Structure formats: C-alpha cells, structure tokens
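29 is the number that my numbering gives to position 22 of the sequence shown; each next residue is one higher, with no gaps.
For each residue, glycine too, the CB sits at the ideal point set by N, CA and C.
Quantities reported herein were computed from a predicted structural model and do not represent experimental measurements.
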Amino acid sequence: MPNRAARPCPMPGCPNTSRSGGRCTACRSRARRAGGTSAHRGYTGAHRSRFRPAVLARDRVCRCDRDQCPRHPHRLCDRPSTVADHWPLTRRELVAAGLDPDDPSRGRGLCAGCHSHITATDRRTLGGWNAP
Numbered sequence: 008m009p010n011r012a013a014r015p016c017p018m019p020g021c022p023n024t025s026r027s028g029g030r031c032t033a034c035r036s037r038a039r040r041a042g043g044t045s046a047h048r049g050y051t052g053a054h055r056s057r058f059r060p061a062v063l064a065r066d067r068v069c070r071c072d073r074d075q076c077p078r079h080p081h082r083l084c085d086r087p088s089t090v091a092d093h094w095p096l097t098r099r100e101l102v103a104a105g106l107d108p109d110d111p112s113r114g115r116g117l118c119a120g121c122h123s124h125i126t127a128t129d130r131r132t133l134g135g136w137n138a139p
C-alpha cells in the first residue's frame, strides 16, 4: 500500500510538510513544549494524590454528558473512566473563583475518548488545554 502524499503543514508560515494529515513534526514538538509540564499547568501533588484517585474511584464508568459528547448520542457511554475531568467548571475557572481545584466533588470521571472530544470542542477552553 503506498504512503500518503505529503501535505503542507497547516500552521501559518510553516514551510514543512506532513504525511500525518496534521502539523509537521517541528510544529507538533513546539506546541508540546509550549504547553509545559503538568506542574507548569497547575497540576500539583494534591491533584495526583487526592483529586484524580477520588474521582476515578467514585466514577468507575464514563459520566459524559450526551448533549456535550456526540460520540454516542442514543445511549450513555459504557467505557471505564480513565481521566479525572474538572466539571462543571474548568480548573482555570475554579482557581479564578478562589475555589479548591483539587476537591473531588468538582470533578467527574471520563473515558479518554470522550475527554479528548469534550476538551477539543469546549468553548471555555478555546479548543483545548494548550489554549491561552
């Protein structure tokens, strides 16, 4: 089977090409570095030791909202939760309001697929975690 033809990188001003259909290797690396580590994004030891384990222990099955996630419009998602998501407020909104972002009552468990879709399409996050 032949390889996919190289296409221009969709990042403005980038002269490179990509066979993956997305950004070129250099632009992907640059975006990953710009996002910083989880510690730089505000995820502390309390997030890893208190928030995430408590949310995933409580919500063993994905608790996505059918109105927000069209991956399965006629039924609830039945996949195991693997991601602890801040909800109904984002982590940034909780910090701005002076609330504890590591309180497990302010989170829900999601499967990785639903979390990726919701994060990429949420207007509050402007298209994902790497947004300004």
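Spatial neighbours of H79 in its own chain (CB-CB distance under 8 Å, excluding positions within 5 residues in sequence) are listed in chain order as R73. Around the C-beta of D92, 16 or more other C-beta atoms lie within 10 Å, and the residue is accordingly described as buried. If you ignore the 5 residues before and after G120, its C-beta comes within less than 8 Å of the C-beta of R78 and R86, all in its own chain and listed in chain order. Annotation: R26 to R11 spans about 6 Å, alpha carbon to alpha carbon.
Between R70 and the set P60, W94, R57 and S56, the nearest pair of CA atoms involves W94. For P60, the closest C-alpha among the options P111, C118, A104 and C84 is that of P111.
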